[in-house]
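Participant: So for the sequence shown, this note's numbering puts the first residue at 1; every next one is plus one.
C-beta atoms are modelled at their ideal positions from N, C-alpha and C, and glycine is treated no differently.
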Amino acid sequence: MIPNDPVMLLSFVNLKLRDYYGSLTALCDDLDADKAEIEAKLAKIDYHYDEEKNQFV
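Laid out in structure tokens, this is it:
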């Protein structure tokens, strides 16, 4: 369900955070996803989670 490609993952996660979840933790809990894995994949393309914005920027 969660994309493996980092660019597709970025789009997917930011859309879900914007429309459905108040935090990355809530998204990961609901989708049974590994938060550290998502952050590591997106860090490879220089995107990092911003709690205040609730987005990867």
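Between Glu-39 and Phe-12, what straight-line distance do the alpha-carbon atoms span, to the nearest angstrom?
Facilitator: C-alpha separation (whole angstroms): 13 Å.
Participant: Could you give the first and the last residue of the continuous alpha helix (DSSP H) run that contains Ile-33?
Facilitator: Residue identity check: residue 33 is Ala in the sequence provided, not Ile. First-last for Ala-33: undefined, no H or E at that position.
Participant: Is the Cβ-Cβ distance between Leu-24 and Leu-17 less than 9 Å?
Facilitator: A contact, by the Cβ cut-off of 9 Å.
Participant: Buried or exposed: where does Lys-44 fall if 16 or more other Cβ atoms within 10 Å of its Cβ makes it buried?
Facilitator: So Lys-44 ends up on the exposed side.
Participant: How long is the line joining the alpha carbons of Asp-5 and Leu-42, rounded to whole angstroms?
Facilitator: Straight-line Cα distance between these residues: approximately 9 Å.
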